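K.L.:
Got a structure here, written out as structure tokens. Questions coming.
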Amino acid sequence: MNDQHEGARTNLTAAQLSEATILGLSERLGDVLRRQGWMLGTAESCTGGLLAGAVTAVAGSSEWFERGFVTYSNDAKVTELEVSPDTLHHFGAVSEPVALEMANGVLLAVPGAHVAMSTTGIAGPGGATPGKPVGMVCFGFAKRVGDGISSRAVTHVFPGDRAQVRQASVEFALRAVLEFVGAPINRR
């Protein structure tokens, strides 16, 4: 009976493995930010707070997590993060320019934040448009550099259902922000 119990612990489901990975990435990010004396902010659309939830699952995250914005609607992106209505009109909410403006908007709105990351995408099952399939997520990353802000964006298309796309987006964002702040980790 003891052997069966031991075997059950090593046979994690994909969801459990993903949750454990996300927690580990959040802990690593916290360690890096704490050492730098930096605070993190998030801006989320398609992940709807899951990214902020992942980092606040770490005990002591109040030492390095400042706040998160869930800006699901275009109006919220404009009002809360100063995303340009022209950018939304020209590129659409799911675009790298909007992801950049969301991440930069966190730093503009929150003087105490040093690093920001954003997500905007199509988690599905509907919402796809030509050139923007279900599973497409745009990420923005921004950090304070001297008197300015350095930022970058990246797009990735994830397979799976809505829950899988959102979970994969959180994991990807955490890996990418670690790389962005100079603490790369091994990719799987």
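Position 22 of the sequence shown, counting from 1, maps to 22 under full-length UniProt numbering, and the rest follow consecutively.
Think of the CB as a built atom: it goes at the ideal place given N, C-alpha and C, for glycine as much as any other residue.
In this text the structure is predicted, and so the values were computed from the model without any measurement.
(1) Check Leu12 in the structure and name its three-state DSSP category.
(2) Whose C-alpha, out of Lys77, Thr120, Thr79 and Lys143, is nearest the C-alpha of Pro133?
(3) Can you give me the start and stop residues for the beta strand (DSSP E) that Lys143 sits inside?
(4) Can you round the beta-carbon distance between Ala123 and Arg162 to whole angstroms, since I take them to be within the 8 Å contact cut?
(5) So, is Ala8 buried or exposed, given that buried needs 16 or more other C-beta atoms within 10 angstroms?
(6) Tell whether a beta-carbon distance below 7 Å holds between Gly30 and Ala52.
(7) Helix or strand or just coil, what does DSSP make of Ile149?
(8) What does Met117 pair with, by DSSP beta-bridge criteria?
(9) Would you kindly report the start and end of the unbroken alpha helix (DSSP H) that includes Glu96?
(10) Would the beta-carbon of Gly126 be found less than 6 Å away from any heavy atom of the ligand GTP?
(11) Going by C-alpha distance, which of Gly37, Gly60 and Gln164 is nearest Glu19?
(12) Run the CB neighbour count on Arg166, radius 10 Å, all protein chains shown included, and call it buried at 16 or more, exposed below.
P.N.:
The short version:
(1) For the purposes of this step, residue 12 is taken as the residue at position 12 of the sequence shown. Looking at Leu12 - three-state DSSP - the assignment turns out to be coil, as it is neither helix nor strand.
(2) To locate residue 133, count along the sequence shown from 1; it is residue 133. Taking each of Lys77, Thr120, Thr79 and Lys143 in turn and checking the Cα distance to Pro133, the smallest one comes out for Thr120.
(3) To locate residue 143, count along the sequence shown from 1; it is residue 143. Where Lys143 is concerned, the enclosing beta strand (DSSP E) stretches over Met136 to Val145.
(4) Residue 123 sits at position 123 when you count from the first residue of the sequence shown. Residue 162 sits at position 162 when you count from the first residue of the sequence shown. Between Arg162 and Ala123 the Cβ distance is about 5 Å, and since that is below 8 Å, they are a contact.
(5) By 1-based counting over the sequence shown, the position of residue 8 is 8. Low local confidence applies: a pLDDT of 47 at Ala8 is under 50, so the model's placement there is unreliable, and no value is given.
(6) If you number the sequence shown from 1, residue 30 lands on position 30. If you number the sequence shown from 1, residue 52 lands on position 52. No. Outside cutoff.
(7) The residue you call residue 149 lines up with position 149 of the sequence shown. Strand.
(8) Position 117 of the sequence shown, counted from the first residue, corresponds to residue 117. The beta-bridge partner set that DSSP reports for Met117 consists of Thr42 and Phe141.
(9) Your numbering for residue 96 matches position 96 in the sequence shown. Segment Glu96 to Ala109, the alpha helix (DSSP H) holding Glu96.
(10) By its list of ligands, the structure shown contains no ligand whatsoever, and the ligand GTP lies outside what it can speak to.
(11) Residue numbering aside, residue 19 sits at position 19 when the sequence shown is read from its first letter. Of the candidates Gly37, Gly60 and Gln164, the one whose C-alpha sits nearest the C-alpha of Glu19 is Gln164.
(12) Counting from one through the sequence shown, the residue named residue 166 turns up at place 166. Looking at its Cβ environment, which holds 16 or more other Cβ atoms inside 10 Å, Arg166 is buried.
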